Each structure stands twice: as structure tokens, then as C-alpha cells.
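Accompanying notes for the structure given below.
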Amino acid sequence: MRLRLFAFASLGLLGAMVLISFRTGVAQEPFELAASLETYRAALARDGEVLARVLALDALFIPAYLGFFFELASRYRRNADATLLRFGLAAMIATGVLDVIEDQMLFAAIRAPEALTEATLHLQHVLSQAKFHVSAIGLVLFGASLPMRTALERAFAVSLIVPVPLVSVVVWLVDDTTADTLYFLRWLGYLAGFTSALWLHGRGHGAVRGAPA
Numbered sequence: 005m006r007l008r009l010f011a012f013a014s015l016g017l018l019g020a021m022v023l024i025s026f027r028t029g030v031a032q033e034p035f036e037l038a039a040s041l042e043t044y045r046a047a048l049a050r051d052g053e054v055l056a057r058v059l060a061l062d063a064l065f066i067p068a069y070l071g072f073f074f075e076l077a078s079r080y081r082r083n084a085d086a087t088l089l090r091f092g093l094a095a096m097i098a099t100g101v102l103d104v105i106e107d108q109m110l111f112a113a114i115r116a117p118e119a120l121t122e123a124t125l126h127l128q129h130v131l132s133q134a135k136f137h138v139s140a141i142g143l144v145l146f147g148a149s150l151p152m153r154t155a156l157e158r159a160f161a162v163s164l165i166v167p168v169p170l171v172s173v174v175v176w177l178v179d180d181t182t183a184d185t186l187y188f189l190r191w192l193g194y195l196a197g198f199t200s201a202l203w204l205h206g207r208g209h210g211a212v213r214g215a216p217a
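Sequential numbering from 5 applies to the sequence shown in our numbering.
As C-alpha cells, then:
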């Protein structure tokens, strides 16, 4: 039951962030990349209010997705590869910590853009991209640790291993316009992962058959 609650909460918060970005054209990702001070401050002046709403939802999303992965690890602890599962969960915890720090750095930038420096923007860039890199590692390890006995279990594992890690790497190699599309695809990858978890565990499948989901 708790796993589905965390998955529903994650889906709802994620969907709200995607909707805001789709309706306003304002996303968090451009603020996670290094830019000139003038460009960054102008973007904050123009989009800071909307960005703050996205960050507020993200602050709620962090405990939701961490709770989801804690419950998922607990559910699969008897049937998964223990080493991969342990390191995958550790990587997701590290992702959550980096996410919290990133959000607070962005909130600080919204409140006091005049205090920003080139060094601050480079630190923001490194922190944000490290977060995505660590999360990709965590998803690959987590997905690879899971049993793949049925088509649903294999689909769920693949939804963790492939979409988000792949997009998170390719996005570094393309121009800004293509990157914006890939950011949207990454969000869809997150949505697909939580949706497949609900589908898998809502139908009585999973690591411990008959156990509460």
C-alpha cells in the first residue's frame, strides 16, 4: 500500500511540475546550467516567480520519490541482487541530498540575484549535473538488481535502466533547442517509471507475491 501511495504522490507532483513548465515555458533545467551573470539574472527576473513554484513542488517531490525507492527496496530485498540494490538505494539517497542542496541554491538565487557570482553559477552547474549523473547510476543499479521473471517485471526494470539515464547523458551533447525536447522526454521517463510501478504492483505482481504493495 505504501509503495503505491508514494508512487501516486510522485506522479501527482511530477505531473504538476510538467504542467507548469508546459503552460508557462519555464523549466528548472536552464537554471541548472552555467551561463553569464547577465543572462542568468535576466532569466531570474523574468521567470523567478514561476521557478519558485516549481521548486516548491520539487521540495515535496524529493521525500515522495525517496519514500518510493525505500519501499521498493524493502519489497524486493529477498529477491533482488542485494549488492546492486544496496548501492542503487545509496545512489538515490545521494540524489535526494543533492536535490535538496540544489533547490536551496536556486531559492537563494531567486531571493538575492545580486549576490550571484560566476563561481556560484559554475558550482550550481556542477552540483545539478552531478545530481543527474548520480541519479542515472542509481536507476541503472536499482533496475539491474530487480528480478525479471515476467514481462511486467522486465518492463519495469527497463523503465528504470534505459530512458532517464540515456537522456541524461545525451542531453550534454546537443544544442539548447534539442536539449529542451530531451528534458521533456526525461520527465516522461520519470512518469513512465512511476506508472509502470503502479501497474506492476497494483496487479498483485512483485517480489513477494501476495505481500502488501
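Here a beta-carbon is modelled for each residue, glycine too, at the ideal position from N, C-alpha and C.
Here the structure is a predicted model, which means the values were calculated and not measured.
How close, in whole Å, do the beta carbons of F65 and L127 come, if the pair is a contact with beta carbons under 8 Å? Contact flag wrong, Cβ pair sits at about 23 Å.
Alpha carbon to alpha carbon, how far is A98 from S78? Give it in angstroms, no decimals. 18 Å
Does S200 pass the burial test, meaning 16 or more other C-beta atoms within 10 Å, or should it be called exposed? buried
Could you give the distance in angstroms between the alpha-carbon of A20 and the alpha-carbon of F35? 19 Å
Alpha carbon of E118 to alpha carbon of A47, nearest angstrom: 13 Å
With G142 and A161 assumed to form a contact (beta carbons below 8 Å), what rounded beta-carbon distance in angstroms separates them? Actually they are not in contact, since the Cβ atoms of G142 and A161 sit about 14 Å apart, beyond 8 Å.
DSSP three-state assignment for S40, whether helix, strand or coil: coil
Whether Q32 touches V54 by CB criterion (8 Å): no
Quick check on R213: does DSSP put it in helix, strand or coil? Model confidence at R213 stands at a pLDDT of 43, short of 50, so the residue's coordinates are unreliable; what they give is reported in the following sentence. DSSP places R213 in coil when its eight states are reduced to three.
Measure the C-alpha to C-alpha separation of P216 and L7 and round it to an integer number of angstroms. Its pLDDT being 35, under 50, P216 is placed unreliably by the model, and the measurement read from it follows with that caveat. Going by the C-alpha atoms only, they are around 9 Å apart.
Considering only their Cβ atoms, is the gap separating A140 from V104 smaller than 8 Å? no
Are F72 and F10 close, meaning C-beta to C-beta below 8 Å? yes
Using only alpha-carbon positions, find the residue among L145, P67, N83, G92 that is nearest to V101. P67
Could you spell out the range, first to last residue, of the alpha helix (DSSP H) harbouring G29? No alpha helix (DSSP H) holds G29; DSSP gives it neither H nor E.
Endpoints, the alpha helix (DSSP H) within which F35 is located: Counting along the chain, F35 falls outside any alpha helix (DSSP H), and DSSP gives it neither H nor E.
Straight-line CA distance for I114 to T154? 47 Å
For A56 and A134, what's the separation of their Cα atoms in angstroms? 22 Å
Range of the contiguous alpha helix (DSSP H) that encloses D103: 86–115
How would you call G29, buried or exposed, if buried means at least 16 neighbouring beta carbons within 10 angstroms? exposed
Straight-line gap, L202 to Y194 (C-alpha atoms, nearest Å): 13 Å
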